[in-house]
Amino acid sequence: DEDCRAAFIAQQIARIFERLPTAYLFTGDITHGQPYLHRDDLVDAVVRTVDRRAELPDETVLLIGEEETPSYQEMQERIGHLAHGERWRTLSLPKGVTKLGSWVQTEVLAQETDIKPWMVENSDDHYELDISRARELLGWTPRHNLMDTLPEMIKRLKADPTDWYAINRLDPSGVAASGPELEQAEERLRGPLERTMEEV
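If you want it as structure tokens, here you go:
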């Protein structure tokens, strides 16, 4: 949704927002990607399925998701532009180097990483969905598009990074002293530091 609430997208946005070294790197084909699905579109598909359950075959397999699959490179460039107003460059690393880097980060540096070995193995995967059955049987098509939703996601992130990180189950300590957080603290300090008798 507009707060993100999708682990892989939130992690990708956070890496770029924080300008982490890993935000500039990818393993695999950066022209490949995965389709996404907005929460409201998921709910709409489920409601339509329940409403039409008597008309559907006993066993019905449907694919739902966005029809357009943004590539990892397109996502990186869009997020980089929205977060920092600049062109975001991404280097593609060999899989062995990425696995080694992930291992060093977790085993040697004792840091948590959102890049897992199985992700490296699947990094060349590319998915395009055929949602024609959902369209035909449910009259369903997605009304949302990730690339169109990204500006609102980044806007909310910039407005309150700590809250956005908490919503997306990310560690907010990396952004606790970011611009908006400091502005909010400064605003609080402009007022009286002690409560008045009326407030007590």
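Be aware that the sequence shown starts at 3, since it is given in the working numbering, and climbs by one per residue. We put the CB at the ideal spot given by N, CA and C, even for glycine.
Measuring straight from C-alpha to C-alpha, what distance separates residue i and residue j?
{"i": "residue 113", "j": "residue 164", "result": "20 Å"}
{"i": "residue 166", "j": "residue 109", "result": "29 Å"}
{"i": "residue 170", "j": "residue 143", "result": "26 Å"}
{"i": "residue 46", "j": "residue 157", "result": "25 Å"}
{"i": "residue 10", "j": "residue 56", "result": "36 Å"}
{"i": "residue 43", "j": "residue 200", "result": "49 Å"}
{"i": "residue 105", "j": "residue 59", "result": "48 Å"}
{"i": "residue 117", "j": "residue 107", "result": "10 Å"}
{"i": "residue 49", "j": "residue 111", "result": "47 Å"}
{"i": "residue 87", "j": "residue 159", "result": "14 Å"}
{"i": "residue 168", "j": "residue 85", "result": "18 Å"}
{"i": "residue 151", "j": "residue 15", "result": "13 Å"}
{"i": "residue 26", "j": "residue 91", "result": "6 Å"}
{"i": "residue 146", "j": "residue 132", "result": "16 Å"}
{"i": "residue 161", "j": "residue 149", "result": "19 Å"}
{"i": "residue 135", "j": "residue 177", "result": "43 Å"}
Out of the options, which one is the CA nearest neighbour of residue i?
{"i": "residue 98", "options": "16, 135, 123", "result": "123"}
{"i": "residue 102", "options": "91, 119, 86", "result": "119"}
{"i": "residue 127", "options": "8, 35, 20, 28", "result": "35"}
{"i": "residue 32", "options": "16, 48, 159, 71", "result": "71"}
{"i": "residue 73", "options": "129, 49, 18", "result": "129"}
{"i": "residue 21", "options": "66, 81, 5", "result": "81"}
{"i": "residue 64", "options": "168, 153, 138, 96", "result": "138"}
{"i": "residue 95", "options": "83, 23, 161", "result": "23"}
{"i": "residue 140", "options": "154, 77, 121, 54", "result": "54"}
{"i": "residue 155", "options": "66, 121, 37, 83", "result": "83"}
Using the Cβ count rule (16 or more neighbours within 10 Å means buried), how would you classify residue i?
{"i": "residue 52", "result": "exposed"}
{"i": "residue 173", "result": "exposed"}
{"i": "residue 93", "result": "exposed"}
{"i": "residue 175", "result": "exposed"}
{"i": "residue 41", "result": "exposed"}
Pop quiz: residue i and residue j are said to be a contact at Cβ under 8 Å. What is the actual Cβ separation, rounded to whole angstroms?
{"i": "residue 68", "j": "residue 39", "result": "7 Å"}
{"i": "residue 125", "j": "residue 29", "result": "5 Å"}
Using a Cβ-Cβ distance cut-off of 8 Å, determine whether residue i contacts chain D.
{"i": "residue 189", "result": "This model lacks chain D altogether; it includes just one protein chain."}
(request) Could you tell me which uninterrupted alpha helix (DSSP H) segments, each at least 4 residues in length, are contained entirely in the stretch 119-168, listed from first to last along the chain? (result) List check, alpha helix (DSSP H) in window: 119-123, 134-140, 148-161.
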